[in-house]
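Letter by letter, the sequence shown follows residues 1317 to 1776 of our numbering. Just so it is clear, CB atoms sit at the ideal spot from N, CA and C, and this is done for glycine as well. Nothing here was measured: the structure is a model prediction, and the numbers come from that model.
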Amino acid sequence: MALKIYNTLTREKEEFKPINDKEVGLYTCGPTVYNYAHIGNLRTYIFEDILKRVLLYNDYNVKHVMNITDVGHLTGDRDMGEDKIEKESAKENKSAYEIAEFYTNKFKEDLTNLNIIYPDIFCKATDNIKEQIEMIQKLEKKGYTYKTSDGIYFNTSKVSNYAKLSHQKLESLLEGARIEINNEKENATDFALWKFSPKDTKRQMEWDSPWGIGFPGWHIECSAMSIKYLSEHFDIHCGGIDFINLHHTNELAQSEAYTGKMPWVNYWMHGAFLNLKDGERMAKSTGNFLTVKSEFIDKDINPLVYRFATFAVHYRKQMEWSNEIIISAKNGYDNLINKIKTFGTDIGSIDQEYKTRFNNDINDDLNIPKAIATFQEMIKSNLTNEDKLATTLDFDKVLGLGFDLIKEDIIPNDIEKLAEERHLARINKDWQKSDEYRQKIKDLGYEINDLDNDYKITKI
Ligand code: AMP
Ligand code: ZN
């Protein structure tokens, strides 16, 4: 079955057709690095990782770009309030650059722990100020901008269908935008492209520009960097569902105004939220959140249990977090690992019937809950252990549950036998024979470490 994905822009499940034959351009909005990523944020990054792995499984090459928001995201999410990073810098008594670097590194550790494939390009907003200024200059030349006392703004009334991504009536977007009152805006939905540094306080992150010293607005970085790295027309753009009405709507408006062409992006995909109990929002800004460290690493639970837990719910459905989820996901994951260990280490052939079913599941708008059910059925089937292992490893290219690592932990029988022989030789103080066995084992790619009365075999 051909790959179908749900496109927020058309509100339909569509067959995926790349712009270029085999290379897919994928842009996923990255973290604002003023705090740890919470497991809600990471649910979105896991969904995006699944999307990328499904594209790879379908034999596409993927060029994946992710930004790091290290400046310009204000506490009000719109154009009011303090810069989230500068605010945290004062709180933690570190420089804004140190804050951004620290949380970027923590974010990358989360990705590694969750077996999320790194993007080909990580790009920081602060490394691309020139590109953002150039984009604003062109928008200015084309008549899309105006100046207020605190910055340069994008005039949303100048674009023909500002609300097209959200499918909302313009009035309801305007209503949402009125939360932050800024009397100088011509339309409530207008947004800042460039903000001037405040007159009374010195910012750490600020740059000279044709309009005065200041910093870029939150949305312009994604438009500038995606166009820089993926061109003016690319395939897929993703984020969490909260980005539809504001961040992505604004990215879209300014990018198409800038290029003068439509569409800028062919497919928009959004992951639903992970909430706390009773729909309570998990939010970095309020500190009301759980992390991979607090819920998994500190409790000695493999973080891949979290990855597995998210597979129970389709990415477009909201998920509610509870301790019971951790317990049942941990049991489910441990059972899978134990079962896979019984398959041994010999790899047979991928079962084509199960592969077709799995392929149909994942190609149906990433139906991972169904793909997991197919996988569970396969491992309980009467296929040979060798074929089950081959099929498991193949499916794990998409699932990313670390099943390939289990295989490495299993020491093949012939190596175990050689190690026992060597151990016997050592007990008999036959050092020459013992050394010969050690060499033989090494030639086969394993190493022996002697313990008191025992030994340990590891893969080299
Ligand atoms: P941020 O670092 O706050 O800019 O958000 C990073 C990503 O996480 C964005 O794609 C958001 O849409 C997404 N996100 C934020 N909160 C949640 C949540 N509770 N569940 C799922 N995704 C979320
Ligand atoms: Zn973005």
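Heavy atom of the ligand AMP within 7 Å of residue i beta-carbon
{"i": "R1359", "result": "yes"}
{"i": "G1587", "result": "yes"}
{"i": "F1559", "result": "yes"}
{"i": "N1591", "result": "yes"}
{"i": "P1435", "result": "no"}
{"i": "T1461", "result": "no"}
{"i": "T1324", "result": "no"}
{"i": "P1532", "result": "no"}
{"i": "P1347", "result": "yes"}
{"i": "K1600", "result": "yes"}
{"i": "D1555", "result": "The sequence given here has Gly at residue 1555, not Asp. Flag set: Cβ of G1555 near the ligand AMP."}
{"i": "G1806", "result": "A query on residue 1806 cannot be resolved here, the shown segment of the chain reaching from 1317 to 1776 and no further."}
{"i": "T1385", "result": "yes"}
Option in the options with minimal Cα separation from residue i
{"i": "K1373", "options": "D1712, K1403 and G1761", "result": "Reading off the sequence, residue 1373 comes out as Tyr, not Lys. Minimum Cα distance to Y1373 is reached at D1712."}
{"i": "I1384", "options": "A1441, I1362, R1359 and R1623", "result": "A1441"}
{"i": "F1332", "options": "W1584, N1566, I1688 and S1405", "result": "W1584"}
{"i": "K1775", "options": "I1757, N1769 and L1767", "result": "I1757"}
{"i": "Y1352", "options": "F1418, K1410, S1405 and A1318", "result": "F1418"}
{"i": "A1493", "options": "S1571, P1435 and R1394", "result": "R1394"}
{"i": "D1506", "options": "F1512, E1496 and K1515", "result": "E1496"}
{"i": "L1509", "options": "K1463, H1739 and D1616", "result": "K1463"}
{"i": "S1286", "options": "M1317, N1582 and N1561", "result": "No statement about residue 1286 is possible, as the shown extent of the chain runs from 1317 to 1776 and does not include it."}
{"i": "Y1376", "options": "K1458, N1498, K1615 and E1339", "result": "E1339"}
{"i": "K1704", "options": "N1744, D1725, K1655 and L1715", "result": "K1655"}
{"i": "M1521", "options": "K1544, K1410 and E1402", "result": "E1402"}
{"i": "D1466", "options": "I1437, S1513 and E1414", "result": "S1513"}
{"i": "V1387", "options": "C1538, A1645, T1707 and L1717", "result": "C1538"}
{"i": "T1348", "options": "F1550, L1390, R1359 and A1318", "result": "L1390"}
{"i": "R1369", "options": "D1710, V1714 and E1500", "result": "V1714"}
{"i": "P1619", "options": "I1643, S1405 and R1738", "result": "I1643"}
{"i": "K1615", "options": "N1471, D1443, K1593 and K1646", "result": "K1646"}
Contact between the segment 1569-1579 and the segment 1600-1608 (3+ Cβ pairs under 8 Å): no
Chain-ordered residues, beta carbon under 5 Å from a heavy atom of the ligand ZN: C1345 and C1538
In chain order, which continuous runs of the alpha helix (DSSP H) of length 4 or greater are located wholly inside the segment 1618-1681? 1620-1626, 1639-1657 and 1668-1679
Which residue spans inside the segment 1673-1736 form an unbroken alpha helix (DSSP H) run of at least 4? 1684-1696, 1701-1715 and 1719-1725
Any contact of the segment 1444-1454 with the segment 1526-1546, i.e. 3+ C-beta pairs under 8 Å? Inter-segment contact for the segment 1444-1454 and the segment 1526-1546 is present: three or more beta-carbon pairs are separated by less than 8 Å.
Whole runs of the beta strand (DSSP E) within the segment 1419-1498, excluding any shorter than 3 residues: 1437-1440, 1461-1463 and 1467-1470
Using 8 Å as the Cβ pair cut-off and three pairs as the minimum, do the segment 1756-1769 and the segment 1733-1742 touch? With the cut-off at 8 Å, the segment 1756-1769 and the segment 1733-1742 touch.
Should the segment 1360-1372 be called in touch with the segment 1338-1345, which here means at least 3 C-beta pairs below 8 Å? yes
What runs of the beta strand (DSSP E), each 3 residues or longer, lie entirely inside the segment 1579-1613? Within the segment 1579-1613, the complete beta strand (DSSP E) runs of at least 3 residues are 1581-1587.
The segment 1669-1676 touching the segment 1685-1694, judged by at least three CB pairs closer than 8 Å: yes
State whether the segment 1622-1630 contacts the segment 1658-1668, with contact taken as three or more CB pairs (one from each stretch) at a distance under 8 Å. no
Would you say the segment 1397-1405 touches the segment 1453-1471, given that touching needs at least three Cβ pairs under 8 Å? no
Taking only runs of the alpha helix (DSSP H) that begin and end inside the segment 1527-1584, which ones reach a length of at least 4 residues, in chain order? 1536-1546 and 1565-1575
Can you find at least 3 beta carbon pairs, one from the segment 1511-1520 and one from the segment 1475-1487, that sit closer than 8 Å? no
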